[in-house]
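A.B. asks: Residue 39 is where the sequence shown starts when you use the working numbering, and the numbers rise one by one after that.
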Amino acid sequence: MRLSNLGTEQLREKDRSFVFHPSTHLAKHSRGETPNRIMAGAEGVYIWDTDGRKSLDGFGGLYCVNMGYGCTEIADAIARQAHELPFAHVYASQGTEPVALLAEAVVEYFGQNMRRVYFGLSGSDANETNVKLVWYYNNILGRPEKKKIISRHRGYHGSGLVTGSLTGLPFFHDFFDLPLNLVRHTTTPHHYRQAHDGESEESFSRRCANELEALILAEGPETVAAFIGEPVLGTGGIVPPPKGYWTAIQGVLDKYDILLIADEVVCGFARTGEKFGSHLYGMRPDFVTIAKGLSSAYLPISGSIIGDRVWSVLEQGTEKHGPLGHGWTYSGHTLCAAAALANIQLLKERNILEHVRDVGPYWHARMKAELEGHPIVGEVRGVGILSAVELMRDPKERVPFEPGLQVGVRAAAALFENGVIGRAMPQGDILGYAPPLIITRDEIDIIVDATAKSVDTTYRALKAEGAL
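1) Please look up how many angstroms separate the CB atoms of residue 429 and residue 418, rounded, as I've assumed it's under 8 Å.
2) DSSP three-state call for residue 344: helix, strand or coil?
3) Does DSSP put residue 231 in a helix, in a strand, or in coil?
4) Quick check on DSSP: helix, strand or coil for residue 364?
5) How many whole angstroms separate the CB atoms of residue 184 and residue 263, which I take to be in contact at a CB cut-off of 8 Å?
6) Given this structure, state the Cα-to-Cα distance separating residue 278 from residue 401, to the nearest angstrom.
7) Between the C-alpha atoms of residue 204 and residue 267, what's the straight-line distance to the nearest angstrom?
8) Can you tell me which of 75, 88, 59, 108 puts its alpha carbon nearest to the alpha carbon of residue 45?
9) Quick check on residue 405: does DSSP put it in helix, strand or coil?
10) If residue 230 sits next to residue 259, beta carbons under 8 Å apart, how far is it from one beta carbon to the other, in whole angstroms?
11) Name the residue from 100, 280, 246 whose alpha carbon lies nearest to the alpha carbon of residue 291.
12) Give the DSSP-derived three-state secondary structure of residue 372 in the structure shown.
13) If you pair each beta-carbon of the stretch 157-171 with each one of the stretch 186-199, do three or more pairs fall below 8 Å?
14) Which residues in the same chain have their Cβ closer than 7 Å to the Cβ of residue 406, if we skip the five residues on either side of it in sequence?
15) Rounded to whole angstroms, what is the Cα-Cα separation between residue 501 and residue 127?
16) Can you list the beta strand (DSSP E) stretches of 3 or more residues lying completely in the stretch 305-329, in chain order?
17) Short check: CB of residue 172 to CB of residue 325, under 9 Å?
18) Compute the Euclidean distance between the alpha carbons of residue 50 and residue 456, then round it to the nearest angstrom.
19) Where do the N-terminal and C-terminal ends of the alpha helix (DSSP H) with residue 249 fall, by residue?
20) In whole angstroms, what separates the C-alpha of residue 332 from that of residue 506?
21) Apply the 10 Å Cβ neighbour rule to residue 377 and answer buried if 16 or more other Cβ atoms are within range, or exposed otherwise.
22) With which residues is residue 156 paired in a DSSP beta bridge?
23) Which complete alpha helix (DSSP H) runs does the stretch 412-456 hold, if anything under 4 residues is left out?
24) Is residue 327 closer than 9 Å to residue 164 when the C-beta atoms are compared?
25) Just curious, the beta strand (DSSP E) that residue 81 is in, first and last residue?
26) By Cβ distance, which residues of its chain are closer than 7 Å to residue 143, with the 5 residues on each side in sequence left out?
27) Which ranges would you report for the alpha helix (DSSP H) in the stretch 123-186 if only whole runs of at least 4 residues count?
28) Could you name the residues that DSSP lists as bridge partners for residue 223?
29) Cβ of residue 351 within 9 Å of Cβ of residue 175?
30) Excluding the five sequence neighbours on either side, which residues of its own chain have a C-beta within less than 6 Å of the C-beta of residue 334, listed in chain order?
31) Verify whether the separation of the beta carbon atoms of residue 409 and residue 304 is less than 9 Å.
32) Sorted by chain position, which residues of the same chain lie with C-beta nearer than 7 Å to residue 179's C-beta, five sequence neighbours on each side aside?
33) Could you tell me if residue 386 is buried or exposed, where buried requires 16 or more neighbouring beta carbons within 10 angstroms of its beta carbon?
34) If you check the beta carbons only, do residue 472 and residue 101 fall under 9 Å apart?
35) Since residue 186 contacts residue 222 with CB under 8 Å, what's their CB separation in whole angstroms?
36) Starting from residue 210 and walking both ways along the alpha helix (DSSP H), at which residues does that stretch end?
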């Protein structure tokens, strides 16, 4: 159902005139020099625009439409809740049925000694909540100096002031006076790009842990409060950790009494082939950040899952000092909670976890078979329904292309021309994929074939330009 009778060009004009788009070249957009698709509809793994151009969405929106488009069960749950109770705040002990049921479902789905969930609207605000609670936790324990947070280079945890600081990508720091001075960054756990010649994954993981420990000692262990990490790096390039990485990191955190925040915004809710990436890699988080897959993006909702040892201190703090001063108006929004609850129920009813375990290995085997050994393919990697193809000038010597060539952007544009949406990741020349978890083998074949064709098109163009 359309909201107006405006044509595509009229909608583009309004969009260029009034909308402030995230992560966009604002001047070029205003001048009409950037692609400006106006999206109109979607079903399953496909999305189309007002011109009628249909694409297989190989990135699931932004890693978030896990149950696919057109899921009537989630839409109906939202509509029912909107008619019954569209909003009620959850301040000062007031609750609602959807929020209570959702919190129980989330805690039980994660398991592993988790106690409570604080609901927000985005992964960024959930990580903001986590950091604020880390600071409160240490203040209650009488450790006011223990406040620094360590993240990783190429990690992504949001784009606010604190969360943008945690993010380890210069694009989110430049000209914003970030990162803030209580944030530090340590080694990117990317074996292909960061390992020394001949260094095994296990040895590289130990080196990452040693470098983390050296950073902690340099800062002073008494000042370091928490370590935050995605089980699999997302926006930093879709990079699964090397063997033994999280075990080695956890050992360092335990040694210096440092909390672990697992940012599961991308990995959570079956994306990796386990319920959460933390389960896959044996992580023992004190906080878990959830968003995207929580509602499959049908409505915005996030969560901070709080573990036992932190929760007991939070309760202790309120016994001493009264109510905890934190909250958003839309925390635990009834419509968002209804959407998320329906999403989790469908995740279970449709055996999505088992489906990911079935099609994930097929996906990665096909990607490797088609792309490994290509003259400009450095690495084909992934886990579950997450995949990336890294393009390099010299794959064997790990020499990247000059940034000005925008090889990743060009490959993504070629992919779009071949009917598939992938993402040119912001760090390096990397094609990233995170389609809806309902994707079939036939649809995986479409993505793989389009990727192989697009990479080859890009390679031939670079050769013709004399760039290779």
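Heads up, the beta-carbon is just placed ideally off N, CA and C, and yes, glycines get one too.
C.D. replies: Working from what's here:
1) Not really, about 11 Å apart at Cβ, beyond 8 Å.
2) When secondary structure is reduced to three states using DSSP, residue 344 falls in the strand class.
3) Reduced to three states, the DSSP call for residue 231 is helix.
4) Annotated three-state conformation of residue 364 is coil, per DSSP.
5) Rounded to whole angstroms, the Cβ separation of residue 184 and residue 263 is 5 Å, and the two are in contact under 8 Å.
6) Going by the C-alpha atoms only, they are around 15 Å apart.
7) Each residue's alpha carbon lies about 9 Å from the other.
8) Closest in C-alpha terms to residue 45, from the list 75, 88, 59, 108, comes 88.
9) Per DSSP, reduced to three states, the secondary structure at residue 405 is helical.
10) Between residue 259 and residue 230 the Cβ distance is about 31 Å, and since that is not below 8 Å, they are no contact.
11) Distances from the CA of residue 291 to each of 100, 280, 246 were compared; the closest alpha carbon is that of 246.
12) It is helical.
13) Inter-segment contact for the stretch 157-171 and the stretch 186-199 is present: three or more beta-carbon pairs are separated by less than 8 Å.
14) Its chain contains 418 as the residues whose beta carbon lies nearer than 7 Å to that of residue 406, once the 5 sequence neighbours on both sides are disregarded; these appear in chain order.
15) About 60 Å.
16) Secondary structure remark: continuous beta strand (DSSP E) runs of at least 3 residues inside the stretch 305-329, in chain order: 325-328.
17) Closer than 9 Å, so yes.
18) Those two C-alpha atoms are separated by around 24 Å.
19) 239-257 is the span of the alpha helix (DSSP H), which, as asked, contains residue 249.
20) Distance between the alpha carbons of residue 332 and residue 506 is about 44 Å.
21) Its Cβ being crowded by 16 or more others within 10 Å, residue 377 is buried.
22) For residue 156, DSSP records a beta bridge to 342.
23) If we require 4 residues or more, the alpha helix (DSSP H) runs fully inside the stretch 412-456 come out as 445-455.
24) Yes, the Cβ-Cβ distance between residue 164 and residue 327 is below 9 Å.
25) DSSP places residue 81 inside the beta strand (DSSP E), whose first and last residues are 77-81.
26) Taken in chain order, the residues that qualify are 379, 382.
27) Runs of the alpha helix (DSSP H) spanning 4 or more residues and lying entirely within the stretch 123-186 occur at 135-148, 161-178, in chain order.
28) 189, per the DSSP bridge assignment.
29) Yes. Within cutoff.
30) Closer than 6 Å at the Cβ level, and outside the excluded window around residue 334, lie 103, 104, 105, 381.
31) No. Outside cutoff.
32) 351.
33) Residue 386 is exposed by the Cβ-count criterion.
34) In this structure, residue 101 lies closer than 9 Å to residue 472 by Cβ.
35) Indeed, because the Cβ distance is near 6 Å, the residues count as touching under 8 Å.
36) Counting along the chain, residue 210 falls outside any alpha helix (DSSP H), and DSSP gives it neither H nor E.
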